[in-house]
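>
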Amino acid sequence: MISLTFDDGPTTHTVRVLDALEKFGVNATFFVEGRKIKGNEEILKRCHAMGNEILPHTWNHPDLRKLSPDEIKKELTDTTELIRSVIGDVRIDMYRPPYGYFDDKVKEVSAEMGLSLINWSIDPLDWENKNPDIIYDRVMEYLHDGAIILCHDAYDSTGEAVERLLPVLTEKHKLVTVSELLGAFTLQPGKVYDHCSEDTRLAWGTWG
């Protein structure tokens, strides 16, 4: 099993990603920014209706290490509340910290809020290169069972890469949401997770 994840939406480019996922009958996890939900509510509703997982990526995409505990809580709480106001009272016990950055303070606040931190094991740097060929090649080069793949549904080039990747990925892997990928064990609030494998599953409590 592997998990495709998308950050920094919802945007108009999210539609192309959703079309590709729908074509192949698979789901992904979307870490959304609260500030981008307004005006894109219908996209978020469609994303949820398809069975995709929607989780917070904070409101303004700040480096959480530079915020006070109360500011961190507001970034996450405001985003969570808006997500639920659009798609309903969904379970939210995970989020992705912007840039993947965290420190002890961020983990402590996350633990207080009952939230685990989700990072990734494969980063094709789609936000930087915006080249479908490079994105495709990097994902395939580092692909492994239990991977959490980082992408961004803020760029059309990522949508094009996903269209190319899905026929190949679905041949040998089952694409699932992060919750499904990590669902074989109990996640601990305040802990950081970036992939899942049979060999490391028992060690998750000490990661991050």
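Going by numbering that gives the first Met the number 0, 161 is the number at position 162 of the sequence shown; the sequence numbering is gapless.
Note that CB positions come from ideal geometry on N, CA and C, so glycine has one too.
1) Would L63 and I53 be called neighbours here (beta carbons separated by less than 8 Å)?
2) Would you report the Cα separation of A202 and D155, rounded to the nearest angstrom?
3) Confirm, please, whether the CB-CB distance from P61 to K35 is below 8 Å.
4) So, with DSSP's three-state summary, where would you put S120?
5) Counting only runs that start and end within the stretch 28-113, where is the alpha helix (DSSP H) found for 4 or more residues in a row?
6) Quickly, what does DSSP pair V191 with across the bridge? List them, please.
7) Could you have a look at D6 and say whether DSSP puts it in helix, strand or coil?
8) If we count the other Cβ atoms within 10 Å of its Cβ and call it buried at 16 or more, is A27 buried or exposed?
9) Indicate the three-state DSSP secondary structure (helix, strand or coil) for A160 in the structure shown.
10) Do you know how far the Cα of E162 is from the Cα of A19?
11) Give me the Cα-Cα distance between Y94 and N118, rounded to the nearest whole angstrom.
12) Based on the DSSP secondary-structure assignment, which residues constitute the bridge partners of H151?
13) In angstroms with no decimal places, state the Cα-to-Cα distance between S67 and V31.
14) Spatial neighbours of G250 within its chain, please: CB distance less than 6 Å, with the 5 preceding and 5 following residues excluded, ordered by chain position.
15) Here's the rule: buried if 16 or more other CB atoms are within 10 angstroms of the residue's CB, otherwise exposed. What is E170?
16) Specify the secondary structure class of E197 as computed by DSSP and reduced to three states.
17) Consult DSSP for L17 and reduce its assignment to one of helix, strand or coil.
18) How many Å lie between V85 and R45 at the Cα?
19) Note down, in chain order, each residue of its chain lying with its Cβ closer than 8 Å to the Cβ of L116, except the 5 sequence neighbours on either side.
20) How is L168 classed by DSSP in three states: helix, strand or coil?
21) Quick one: what's got a C-beta closer than 7 Å to Y98's C-beta in the same chain, skipping five residues either side?
22) Considering only residues of the same chain and omitting the five flanking positions on each side of R15, which have a CB-CB separation below 6 Å?
Walking through what the data contain:
1) The count along the sequence shown starts at 1 and reaches residue 63 at position 64. The count along the sequence shown starts at 1 and reaches residue 53 at position 54. In this structure, I53 does not lie closer than 8 Å to L63 by Cβ.
2) By one-based count along the sequence shown, residue 202 stands at place 203. By one-based count along the sequence shown, residue 155 stands at place 156. With a pLDDT of only 35 at A202, under 50, the local geometry of the prediction cannot be trusted, and the value read off the model is given with reservation. Using only the alpha carbons, I get a separation of about 37 Å.
3) As a working mapping, residue 35 is identified with position 36 in the sequence shown. As a working mapping, residue 61 is identified with position 62 in the sequence shown. Contact: no.
4) Counted from its first residue, the sequence shown places residue 120 at position 121. Three-state DSSP puts S120 in coil, outside helix and strand.
5) 40-48, 68-86, 103-111
6) Walking along the sequence shown from the start, residue 191 turns up at place 192. Per DSSP, L116.
7) In the sequence shown, counting from the first residue as 1, residue 6 sits at position 7. Three-state DSSP puts D6 in a strand.
8) As a first step, residue 27 is located in the sequence shown; it is residue number 28 there, counting from the start. Per the 10 Å Cβ criterion, buried.
9) Here residue 160 corresponds to residue number 161 of the sequence shown, with the count starting at 1. A160 falls in the helix class under three-state DSSP.
10) Along the sequence shown, one-based indexing puts residue 19 at 20. Along the sequence shown, one-based indexing puts residue 162 at 163. Computed Cα separation, rounded: 6 Å.
11) In the sequence shown, residue 94 corresponds to position 95, counting from 1. In the sequence shown, residue 118 corresponds to position 119, counting from 1. Taking the straight line from one Cα to the other gives about 9 Å.
12) Stepping through the sequence shown from its first residue, residue 151 is reached at position 152. Bridge partners of H151: D6.
13) Counted from its first residue, the sequence shown places residue 67 at position 68. Counted from its first residue, the sequence shown places residue 31 at position 32. Taking the straight line from one Cα to the other gives about 21 Å.
14) Look at the range of the chain in this structure, 0 to 207, and you will see that residue 250 is not part of it.
15) Residue 170 sits at position 171 when you count from the first residue of the sequence shown. Exposed is the call here.
16) Looking up residue 197 in the sequence shown gives position 198. With a pLDDT of 47 at E197, under the threshold of 50, the modelled position of this residue cannot be trusted, and the question is left open.
17) Stepping through the sequence shown from its first residue, residue 17 is reached at position 18. Of the three classes helix, strand and coil, the one that applies to L17 here is helix, per DSSP.
18) Along the sequence shown, read from residue 1 onward, the residue named residue 85 stands at position 86. Along the sequence shown, read from residue 1 onward, the residue named residue 45 stands at position 46. Whole-angstrom Cα-Cα distance: 11 Å.
19) For the purposes of this step, residue 116 is identified with residue 117 of the sequence shown, where counting begins at 1. Here the set comprises M93, Y94, R95, P96, F101, V105, K106, S109, G189, K190, V191, Y192, G207.
20) Along the sequence shown, one-based indexing puts residue 168 at 169. Helix at L168.
21) The sequence position of residue 98 within the sequence shown is 99, counting from 1. Same-chain partners within the cutoff: D62.
22) Position 16 of the sequence shown, counted from the start, is the residue given in the question as residue 15. Closer than 6 Å at Cβ, skipping near neighbours: G158.
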